[in-house]
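Comments concern the structure below.
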Amino acid sequence: MSLISGFEDVVKENEPLAPYTRLKLGGVAAWFAEPQTRQQLIGLVKNFSENELPIRLIGAGSNTLIRNQGVGGLVISLASPVFCNVEVNDDTMIADGGVKLVDFVATAVKQGLNGPQHLVGIPGTVGGALHSNTSAVGFDIGTWVKSVDVLTRSGELITYQKDELSFSYRQSSLKDLIILSATFQFDREDSEALTKQMQKLWIVRRATQPAAETRSAYVFKDHGGETASDLIEQAGLKGTRVGNVEICDSDPNYFIANEGATAEDFQKLIDLVKTQVQDQLDVGLETSIGIW
Ligand SMILES: Cc1cc2nc3c(=O)[nH]c(=O)nc-3n(C[C@H](O)[C@H](O)[C@H](O)COP(=O)(O)OP(=O)(O)OC[C@H]3O[C@@H](n4cnc5c(N)ncnc54)[C@H](O)[C@@H]3O)c2cc1C
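If you read the sequence shown in my numbering, its first letter stands for residue 54, the second for the next number, and so on.
The following block contains the structure:
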């Protein structure tokens with residue numbers, strides 16, 4: 054029996070991954086699945102695991118660079134509505150892994166739940182954000198977590214309570230294959246006040262962040278109290294280009310992939326910045342973006 058028999062409707066072979074990422078770069082996935090039910094998701098995970106093939110999860114693809122050679126094994130997307138539910142009960146929100154961060158923030162603000170407004174304008178999904186503990190202006194998504202439901206590589210469902218999880222700068226202990234959903238708890242606040250706060254934060258962010266339609270990525274982690282943006286600027290690298298990939302002027306920790314850019318150019322620019330910052334400032338920058 055084939056690996057995908059019974060799942061032909063939701064699995065594509067040799068599917069280009071570029072359209073599923075913000076950078077729109079890189080090669081194909083050997084198999085790409087958008088399961089429509091939890092049973093399909095579990096079935097696919099079990100099939101590929103039993104055959105010892107790699108499985109990866111892609112959220113909104115805003116923190117991922119795909120290499121030209123693409124990836125072997127299965128790439129799963131939770132874009133189907135069944136993995137994108139949000140529910141609010143009093144001071145608690147349950148959000149599925151596929152929920153877009155923009156909807157997570159908008160729901161919280163509308164329902165008077167204090168905190169997510171700080172993440173306004175960050176592209177991504179709840180699953181992707183929990184995976185790398187997405188943060189802005191000193192607030193990270195892990196702070197509000199009460200529990201998280203995951204699916205393991207062997208197809209087992211597990212619920213972690215807050216005290217079993219740890220979140221730190223741009224990382225979390227959530228290493229299981231799939232973050233299915235999370236329960237968050239917030240302080241309550243007047244919705245109008247939260248809306249105003251969110252609007253102010255958005256104005257500040259919009260001044261430096263490339264527009265939504267720009268093929269861009271936030272590349273490095275900050276280092277020891279200094280932002281990656283400041284370090285890149287201090288090394289005199291603002292505006293540097295490799296091929297058609299360039300460092301953003303308004304905030305040099307964003308790299309922009311222009312028309313004709315390749316994943317190889319992107320990787321070369323990452324390496325160039327790392328080398329220059331190391332040589333000039335004696336700082337080893339670490340990438341925040343995941344490279345597949
Ligand atoms: C313009 C711009 C601004 C940004 N600003 C910020 C910022 O201020 N702060 C910040 O922290 N980040 C920022 N980022 C980075 C990025 O937006 C966040 O990391 C975001 O949370 C990534 O979510 P995603 O769904 O796009 O992840 P993806 O790129 O799809 O995936 C990232 C990682 O998460 C894993 N993953 C995704 N979904 C799941 C899931 N359901 N279960 C298990 N693993 C999963 C993937 O396997 C991968 O390893 C920015 C990026 C851009 C392009």
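In this text, a Cβ means the ideal position worked out from N, Cα and C, and glycines have one as well.
Taking the beta carbon of residue i as the centre, do at least 16 other beta carbons fall within 10 Å, making it buried, or is it exposed?
i, result
"I232", "buried"
"K153", "buried"
"G151", "buried"
"K129", "Checking the sequence, you will find Ile at residue 129 rather than Lys. By the 10 Å Cβ count, I129 comes out buried."
"T117", "buried"
"D193", "buried"
"G181", "buried"
"Y222", "exposed"
"A288", "buried"
"I57", "buried"
"G292", "exposed"
"D318", "buried"
"P263", "buried"
"I256", "exposed"
"N167", "buried"
"S55", "exposed"
Going by the DSSP bridge assignment, what does residue i pair with across the sheet?
i, result
"I111", "S130"
"L118", "I344"
"P69", "V81"
"F157", "For F157, which the question treats as bridged, DSSP gives no partner whatsoever."
"R241", "L166"
"R294", "E299"
"S188", "D193"
"N142", "T145"
"H276", "E279"
"A270", "F308"
What is the rounded straight-line gap between the Cα of residue i and the Cα of residue j?
i, j, result
"V326", "V81", "27 Å"
"F273", "I285", "10 Å"
"F136", "A235", "11 Å"
"A270", "D283", "16 Å"
"R206", "F101", "9 Å"
"G313", "N121", "13 Å"
"V203", "D149", "10 Å"
"T248", "F239", "16 Å"
"S225", "V190", "18 Å"
"V141", "R75", "29 Å"
"P69", "F220", "33 Å"
"K228", "Q214", "15 Å"
"L183", "I300", "27 Å"
"D144", "D332", "49 Å"
"R258", "P305", "14 Å"
"G208", "Q329", "44 Å"
"E66", "A86", "9 Å"
"D302", "V336", "21 Å"
"I95", "D216", "26 Å"
"V139", "R241", "17 Å"
"G277", "E339", "11 Å"
"T261", "Y307", "9 Å"
"A246", "W345", "41 Å"
With distances taken between CB atoms, is the gap from residue i to residue j smaller than 9 Å?
i, j, result
"V173", "M251", "yes"
"A83", "L131", "no"
"G177", "A281", "no"
"Q92", "V63", "no"
"L78", "R268", "yes"
"V162", "S244", "yes"
"L97", "F60", "yes"
"A310", "I119", "no"
"I175", "T187", "yes"
"Q170", "L254", "yes"
"K199", "F157", "no"
"L210", "I108", "no"
"G343", "K321", "no"
Under the criterion of a Cβ to heavy atom distance below 8 Å, does residue i qualify as lining ligand 3?
i, result
"L218", "The model on display carries ligand 1 but not ligand 3."
At what residue ranges does the segment 192 to 238 contain a whole run of the beta strand (DSSP E), taking only runs of 3 or more? Here the runs fully enclosed are 198 to 204, 210 to 214, 231 to 238.
Length at least 3, wholly inside the segment 297 to 335: the beta strand (DSSP E) runs in chain order: Runs found: 298 to 300, 307 to 310.
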